[in-house]
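Here the structure comes first, spelled out in structure tokens, and everything after it is commentary.
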Amino acid sequence: MKLSRYNFPFFHDGKNYLYNSFTNAMITLRPEIVQLVDNWDESILSSIPKEAFDPLLQGGYLIEKEKDELTRLKVRNRMSRFSNRELGLTIAPTLDCNFKCIYCFEEPSRAIMTTETADAVYDYVLEALHDKKGLGVCWYGGEPLLAFDIMEKLTRRFKSLCRTMAIPYEADIISNGYLMTPEVAKKLTQEMSVRFWQVTLDGPPAVHNARRPLQGGGESFDTVLKNLEASCHLFERIAVRINIDRTNPEQVNELLGLLEQKELQDKVSVYFGQVQAIGAACPGISHQCLSTPEFSKVEMSLNRLLVDRGWPVSMRPSLKGGVCLADQVNSYLIDPSGNLAKCWNCAGVESQKVGTIFETKPNDNFFRWLSFDPFEDPECRNCKMLPVCMGGCPYDKVIDQKKDCFTQKYNLIDRLKLRIDGWKKAESGQGGKHE
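Below is the structure:
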């Protein structure tokens, strides 16, 4: 037997813990077992009592001597990335938007998908779906609700197709919320199978309105919050994203108070996004952006604030087969012109398209994205975070030719400690559900 290469021992609040990133398991250890683990030698196996040995084995902390975790991880990665089970599409029916966010990475565009292109999207899905077991769609933009008629038309045809094929259809939406009236939300959830909505609020009204104004300069906060309050019960899940840079962490507490006044604490989740200066559309904001190590510290302090205020927080790392649609062979973004891309950052960027819905032959960009392989990077290959990271953002490496690890590399242990604290708070009746 040997110790897993993916073990993370840590001490918190008077107890010893052991987390394993390969299995995503975590246990507490008695002090005498900690000593054995710290001074591991196969000869001490007989010194470990059965009640301690079995959990070490079941959680993958202790493994067979011949077990090659890295090879198994590589197979897990390949099986996920090149699975033919589901077709995953992010569809931007328009790149037009009613907001003018200061950090938007998309080039200004009024493009809206035509009826003819929507018909071609359906034909593309009909062909691509023939050997799949499910269809998943994420509506994206611009602001997708500006092309609601196109969304409705495609959804009707997608659902009919999936019924005929006896396979599931699921949908999500990324919307700024300004047009998410209860009537629209009801149609999305009850007729269009949209389960999840992500909406952004960047702080209390003054902060949010300065960062996310309407195209004409008007305020957006009050309308978004009103729609969120009125529609939250209709969706299975809602995530409120708060984009963070150097200017707004101190205002998050006030925003949480406003959400609590609307009794949204148990109806939505909150998470924090890192503002980055991506592409040529937002070069003037780079001085406001936090580096990933800096953001990882701010992120943890804000997550601590959530727990202290009794908000449900998911601090559990997630095992990754692949990273996102960028490295998945059957996942694409479709823009209003029918171009296919492999990253949200590439929506509407002609030079970054990997093909089109009008022809089945992918171009060289497609193969550049699919050749992304963290197992060829010595640093990634030898990193204990690889099972929950899988090499970080493919866009950084494929397009920007750089490596920028995910925040969990810098705050994993702090996340696990906060997860433990959240459990204790929930058990005492002082907090929401924690995963």
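With the working numbering as the guide, the letters of the sequence shown map in order to residues 1 to 435.
Yeah, the Cβ is synthetic: ideal placement off N, Cα and C, and Gly gets one too.
Asked: Going by the DSSP bridge assignment, what does Tyr17 pair with across the sheet?; Found: Phe10 and Thr28
Asked: Among the candidates Ser193, Gln328 and Asn253, whose CA atom is the shortest distance from the CA of Ser301?; Found: Asn253
Asked: Which ranges does the alpha helix (DSSP H) cover as unbroken runs of at least 4 residues, wholly within the region 187-228, from first to last along the chain?; Found: 205-211
Asked: How long is the line joining the alpha carbons of Ile63 and Lys133, rounded to whole angstroms?; Found: 34 Å
Asked: For a test of the three-state rule: what should DSSP assign to Ala171, helix, strand or coil?; Found: strand
Asked: Would Ile278 pass as a contact of Phe406 if the rule is Cβ separation under 8 Å?; Found: no
Asked: Following the continuous beta strand (DSSP E) through Val270, name the residue where it begins and the one where it ends.; Found: Ser269 to Gln274
Asked: In whole angstroms, what separates the C-alpha of Ala120 from that of Lys187?; Found: 24 Å
Asked: Would Val224 pass as an interface residue toward chain D - the criterion being a Cβ-Cβ separation below 8 Å?; Found: The displayed structure is made up of one protein chain only, and chain D is not part of it.
Asked: Of the residues Ser231, Gly218 and Ala210, which one's Cα is nearest the Cα of Ser175?; Found: Ser231
Asked: Identify whether Tyr395 lies in helix, strand or coil by the three-state DSSP scheme.; Found: helix
Asked: Are three or more beta carbon pairs between the region 178-194 and the region 237-253 nearer than 8 Å?; Found: no
Asked: What's the gap between the Cα of Lys397 and the Cα of Phe372?; Found: 8 Å
Asked: To the nearest angstrom, how far is the alpha carbon of Gln35 from that of Leu333?; Found: 51 Å
Asked: Tell me, which residues are paired with Phe295 by DSSP?; Found: Answer by DSSP bridge pairing: none, since Phe295 is not bridged.
Asked: Along the alpha helix (DSSP H) that carries Thr164, what are the first and last residues, could you check?; Found: Phe148 to Met165
Asked: So what does DSSP say about Trp344, is it helix, strand or coil?; Found: helix
Asked: Does the Cβ-Cβ distance between Asp335 and Gly348 come in under 8 Å?; Found: yes
Asked: Roughly how many angstroms separate the alpha carbons of Gly141 and Ile33, rounded to a whole number?; Found: 53 Å
Asked: From this set, Leu325, Ala111 and Gln408, which residue's C-alpha is nearest Glu294's C-alpha?; Found: Gln408
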